[in-house]
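What follows is one structure encoded as structure tokens, with my remarks underneath.
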């Protein structure tokens, strides 16, 4: 029986998002996507560029949290203006953690409720609109519920999705490229009919019905048995531990559950 | 025409005296980094109101002006204290209906660039197919070339005045920003009719060592209207490498937002005092210089 945690299984599954990206900037926002980008760089695709979370390109992944006397080895400069120059070129793949996502893959981090007088004001759209029109994007949800994966459309469309009703002249934006959704229950992609969101794998011990019940829209479910998301090997777990010496990954999911759900 | 004075030194109070209710003001910096907070506090003390605030990359500057009821409308792409993701005063103001014009971050700098270039708009894809583009004030435009692509026209933003914080300035407004990131301070300045700057230190022109420091010089002096010396003028945001973000003060600031009495108390202790008393109130210069680098 593996000692892996669900957080580690998610990091491992999410790392695959950057496997075939070649030389571009891998951005992971919030700790698990960030550790996934780190793991992708050290195990799958060393050509990836990563930042220190501020304005430098780092030669090797920077551990989340305190790093004591350990200096970050810097290889390049990533000031704010260059972030946009780079992302407009398409040489970036971001995995971010929106508050809401809908069946088109549109996401929201701005407001819950009416934009004029929101029930809950969050960050604002940040760079989500531009990101999704220029480079590949993937998403992470720590709590897969109908409040996160919502029916209808998200309350305020910050990032673009496969919704022809919103495309200019009905033409799909040329660089729109949504890749992967990783949640605490499963892995999804956009491989269904006309980019419908499709179930790829269930985390070990998670029943299909639980995913369907907690998703506010219909998922494309392939015929036959659904694969289980792979549990990371001992070697991968050791590498994740090296990348996250402060064990920040243990603090993200409620009660830090094991990778294989106890039934 | 009488030549304008080259000695642009002013007090912060004199700078705020040049501002009026109802103006469109732009603020430089980014969330918790190099915000002209001493000027923001001076604006709160002066009781300016009905401001159209353009703070695309907002932090406690937006929060404090919102708490003071100074904002009529906010143009922004995000407002955050970064380590504390949601700016509490901004959240409260928005949930009470503060009007906004929301941008994408990249789109906002396009609007400032159009303003800086004295163009009516710049075209972009950014914002298309989102609810950003459905707000009033944007329009679509078709490429006149063979591609005929439908694009979003981002209108120019022009500012009555811009407020920035830098590390060094001489009396003429030749400035240096030593931080590793200028953000879009140069565009905010160029989009403004008048630019007021606070500097950690005012120095003689020769002391700028401009040839060695050329890459830290954001714009030519003709951009600058007035400069005031304000040591620790970005606090509680950072002016790295001189000092870092004061996270413990930001926590105090955020916690004070929970109640009306909390904000009133914060305002008495940290806003209704001049900048030298402020430096004492937050623990003195030595404490600020020793603040640790933040981790992300």
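Chains as they are written, first to last, in the numbering used here: chain A, 2 to 264; chain B, 784 to 1079.
We put the CB at the ideal spot given by N, CA and C, even for glycine.
Keep in mind it's a predicted model, so treat the numbers as computed, not measured.
#1: Can you say whether residue 259 of chain A is buried or exposed, counting buried as having 16 or more other CB atoms within 10 angstroms of its CB?
#2: Against chain A, which members of the stretch 885 to 899 of chain B pass a CB distance test of less than 8 Å?
#3: If you drop the 5 nearest sequence neighbours on each side, which residues of the same chain put their C-beta closer than 8 Å to that of residue 92 of chain A?
#4: With a threshold of 9 Å between beta carbons, is residue 1054 of chain B in contact with chain A?
#5: With burial defined as no fewer than 16 other Cβ atoms inside 10 Å of the residue's Cβ, what is the status of residue 185 of chain A: buried or exposed?
#6: I want to verify the contact list: residues of chain B whose CB lies under 7 Å from the CB of residue 168 of chain A, in sequence order.
#7: With distance defined between alpha-carbon atoms, name the residue in B/907, B/915, B/976 and B/912 nearest to residue 925 of chain B.
#8: For a contact meaning CB atoms closer than 8 Å, what does residue 1033 of chain B contact in chain A?
#9: So that I know if they touch, is there some Cβ in chain E lying closer than 9 Å to that of residue 867 of chain B?
#10: Cα-Cα, which of A/254, A/220 and A/238 is closest to residue 102 of chain A?
#11: In angstroms, rounded to a whole number, what distance separates the CA positions of residue 45 of chain A and residue 237 of chain A?
#12: Hey, does residue 923 of chain B have any beta-carbon neighbour from chain A nearer than 9 Å?
#13: Can you give me the C-alpha to C-alpha distance between residue 114 of chain A and residue 20 of chain A, rounded to a whole angstrom?
#14: Hey, how far is the Cα of residue 843 of chain B from the Cα of residue 147 of chain A?
#15: Whose Cβ in chain B lies nearer than 8 Å to the Cβ of residue 122 of chain A?
#16: Where does the unbroken beta strand (DSSP E) through residue 89 of chain A begin, and where does it stop?
#17: Looking at chain B, which residues of the stretch 241 to 260 of chain A have a Cβ within less than 9 Å of any of its Cβ atoms?
#18: Quick one: grab the DSSP three-state call for residue 238 of chain A.
#19: Under 9 Å, Cβ to Cβ, is there at least one residue of chain B near residue 187 of chain A?
#20: Just to check my reading of the structure: residue 49 of chain A and residue 41 of chain A have Cβ atoms closer than 8 Å, yes? What is that Cβ distance to the nearest angstrom?
#21: I'd like to know whether the C-beta atoms of residue 159 of chain A and residue 119 of chain A end up nearer to each other than 9 Å.
#22: Nearest-angstrom Cα distance between residue 256 of chain A and residue 30 of chain A?
#23: Roughly how many whole angstroms lie between the Cα atoms of residue 849 of chain B and residue 999 of chain B?
So, to answer that:
#1: With 16 or more other Cβ atoms within 10 Å, it is buried.
#2: Residues 885, 886, 887, 888, 889, 890 and 892.
#3: Contacts found: 24, 25, 26 and 136.
#4: Chain A has no Cβ within less than 9 Å of the Cβ of residue 1054 of chain B.
#5: Label assigned to residue 185 of chain A: buried.
#6: Result: 912.
#7: The shortest Cα separation from residue 925 of chain B among B/907, B/915, B/976 and B/912 belongs to B/907.
#8: Neighbours of residue 1033 of chain B on chain A: none; closest Cβ ~16 Å, over 8 Å.
#9: In the structure shown, chain E does not exist; the protein chains are A and B.
#10: Proximity to residue 102 of chain A across A/254, A/220 and A/238 peaks at A/220, based on C-alpha coordinates.
#11: Between residue 45 of chain A and residue 237 of chain A, the alpha-carbon positions lie close to 11 Å from each other.
#12: Interface residue (Cβ-Cβ distance to chain A less than 9 Å): residue 923 of chain B is classified as such.
#13: Computed Cα separation, rounded: 37 Å.
#14: When the Cα atoms are used, residue 843 of chain B and residue 147 of chain A turn out to be separated by approximately 33 Å.
#15: At a beta-carbon threshold of 8 Å, the residues of chain B lying near residue 122 of chain A are 869, 873, 874, 877 and 878, ordered along the chain.
#16: Where residue 89 of chain A is concerned, there is no enclosing beta strand (DSSP E), although the alpha helix (DSSP H) around it starts and stops at 81 to 90.
#17: Within the stretch 241 to 260 of chain A, no residue qualifies.
#18: Here residue 238 of chain A sits in helix by DSSP.
#19: It does not: the Cβ of residue 187 of chain A has no partner Cβ on chain B nearer than 9 Å.
#20: About 6 Å separates the two Cβ atoms, so the contact holds.
#21: No; because the gap between Cβ atoms is not below 9 Å, this pair is not in contact.
#22: In a straight line, the C-alpha of residue 256 of chain A is about 21 Å away from that of residue 30 of chain A.
#23: Separation of residue 849 of chain B and residue 999 of chain B (C-alpha to C-alpha, rounded to the nearest whole angstrom) is 32 Å.
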